[in-house]
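J.: Counting along the sequence shown from 1, when you hit position 14 you're at 13 in numbering that gives the first Met the number 0, and nothing is skipped either side.
Here a beta-carbon is modelled for each residue, glycine too, at the ideal position from N, C-alpha and C.
Here it is: the structure, laid out below.
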Amino acid sequence: MSLSGKTLFITGASRGIGKAIALRAARDGANIAIAAKTAEPHPKLEGTVFSAAKEIEAAGGKALPLVLDVRDDEAVKRAIDKTTETFGGLDILVNNASAIQLTPLAQTDMKRFDLMHQINTRGTLACSKHAIEHLAKSDNPHILTLSPPLDMQEKWFAPFTPYSIAKYGMSLVVLGLAGELRAKGVAVNALWPRTTIATAAIKNIIGGDALMQQSRTPDILADAAYEIFTTPSGELSGQFLIDDTFLASRGVTDFDGYRVDPSVALAPDFFVPDDSVAPCDLGPVKA
0 MSLSGKTLFI TGASRGIGKA IALRAARDGA NIAIAAKTAE PHPKLEGTVF
50 SAAKEIEAAG GKALPLVLDV RDDEAVKRAI DKTTETFGGL DILVNNASAI
100 QLTPLAQTDM KRFDLMHQIN TRGTLACSKH AIEHLAKSDN PHILTLSPPL
150 DMQEKWFAPF TPYSIAKYGM SLVVLGLAGE LRAKGVAVNA LWPRTTIATA
200 AIKNIIGGDA LMQQSRTPDI LADAAYEIFT TPSGELSGQF LIDDTFLASR
250 GVTDFDGYRV DPSVALAPDF FVPDDSVAPC DLGPVKA
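Given below as structure tokens:
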């Protein structure tokens with residue numbers, strides 16, 4: 000199955016994981032709506048919706064850059080409607096936009112929690128809500144959310160309760176919508192990385208250049224997402240998938256190419272369940 004002619008609406012697609020997913024689909028000749036806030040270049044954040052559109056078109060896809068704040072419900076509806084009008088339908092929604100602040104509650108301003116909740120949980124709800132009627136007309140509709148397995152352990156909440164609530168909220172949307180939309184034939188899944196991914200959030204907020212070197216590239220999530228999108232929707236829904244485990248189930252055996260620096264051990268990401276066994280060695284690659 001190919002994504003040629005398929006239409007994707009991807010939030011947070013101006014950089015990082017969202018853009019990587021878009022570029023992978025573009026190689027098939029997909030239509031991609033790039034829905035993100037960044038319209039002007041930022042000193043610490045690479046890319047805008049317009050620069051991403053150029054890259055997508057250079058990769059073989061068709062791009063629709065949309066400056067969008069997912070907190071604005073009416074703007075979300077207009078953006079999805081414009082996407083369907085431009086490309087003649089909608090096949091895939093990717094809920095990737097997310098805000099992060101890793102602080103305990105006592106050190107978290109409630110306005111910052113509101114921002115995380117409104118972008119992460121509420122934004123995922125809003126985008127999904129307005130996409131449903133369009134997705135239901137597709138012959139292979141998918142909603143994919145970049146959110147973690149619902150592994151309800153204290154250790155995933157105690158260090159940064161406000162962020163965890165907002166992020167797990169995205170996963171609760173996945174759990175509910177998988178059942179709600181099954182009769183409509185719309186697949187709803189979550190995808191999460193086993194290791195940290197080399198993105199602006201890792202560099203600027205979490206761990207700097209050192210953690211970037213211990214990370215995998217966004218391409219691993221892009222390849223996993225592609226495998227999800229090219230699976231019949233009736234065969235894969237309601238799943239909380241870890242990137243490398245899922246790719247291994249599809250026959251991938253070499254994961255070293257995803258490493259930023261093969262000479263260092265990979266850093267584990269938050270929220271990966273203890274019983275999830277990596278399909279490969281996460282230590283340094285031996286010469």
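Classify LEU104: buried if its beta carbon has 16 or more other beta carbons within 10 angstroms, exposed otherwise.
T.: Position 105 of the sequence shown holds residue 104. By the 10 Å Cβ count, LEU104 comes out exposed.
J.: Going by DSSP, what residue range makes up the beta strand (DSSP E) through PRO64?
T.: Position 65 of the sequence shown, counted from the first residue, corresponds to residue 64. It spans 61-66 - the beta strand (DSSP E) in which PRO64 sits, taken as one unbroken run.
J.: Suppose only complete runs of 4+ residues qualify. What are the alpha helix (DSSP H) ranges in the segment 229-280, listed by chain order?
T.: 242-248
J.: Give me the DSSP bridge partner(s) of ARG215.
T.: As a first step, residue 215 must be located in the sequence shown, where it is residue number 216. DSSP lists ILE196, ARG258 as the beta-bridge partner residues of ARG215.
J.: Is it buried or exposed, GLN152, if we count other Cβ atoms within 10 angstroms and call 16 or more buried?
T.: Locating residue 152 in the sequence shown gives position 153, where the first residue counts as 1. GLN152 is exposed by the Cβ-count criterion.
J.: Just to confirm before moving on: does the CB-CB distance between GLN213 and ALA264 stay below 8 Å?
T.: On the sequence shown, position 214 is the one that residue 213 refers to. On the sequence shown, position 265 is the one that residue 264 refers to. Going by C-beta atoms, GLN213 is nearer than 8 Å to ALA264.
J.: Can you name, in chain order, every residue of its own chain whose Cβ lies under 6 Å from the Cβ of VAL173, other than the five neighbours on each side?
T.: Translated into the one-based positions of the sequence shown, residue 173 becomes position 174. For VAL173, same chain residues with a beta-carbon under 6 Å away, outside a window of 5 residues either side, are THR144, VAL187, ALA189 in chain order.
J.: Looking at ALA25: is its Cβ nearer than 8 Å to the Cβ of GLY46?
T.: Within the sequence shown, numbered from 1, the residue matching residue 25 stands at position 26. Within the sequence shown, numbered from 1, the residue matching residue 46 stands at position 47. In this structure, GLY46 does not lie closer than 8 Å to ALA25 by Cβ.
J.: Any contact between the segment 8-16 and the segment 29-44? By contact I mean 3 or more CB pairs, one from each, below 8 Å.
T.: These segments touch.
J.: Return helix, strand or coil for ASN203, following the three-state DSSP convention.
T.: Against the sequence shown, residue 203 aligns to sequence position 204. Helix at ASN203.
J.: Judging by CA-CA distance, which residue of TYR225, THR216, GLY207, ASP138 is the nearest neighbour of LYS183?
T.: Counting from 1 along the sequence shown, the entry for residue 183 is found at position 184. Among TYR225, THR216, GLY207, ASP138, the Cα nearest to that of LYS183 belongs to ASP138.
J.: Going by DSSP, what residue range makes up the alpha helix (DSSP H) through HIS133?
T.: The count along the sequence shown starts at 1 and reaches residue 133 at position 134. Counting along the chain, the alpha helix (DSSP H) containing HIS133 begins and ends at 122-134.
J.: Starting from ALA165 and walking both ways along the alpha helix (DSSP H), at which residues does that stretch end?
T.: Position 166 of the sequence shown holds residue 165. Start and end: 160-179.
J.: Are three or more beta carbon pairs between the segment 118-126 and the segment 68-78 nearer than 8 Å?
T.: yes
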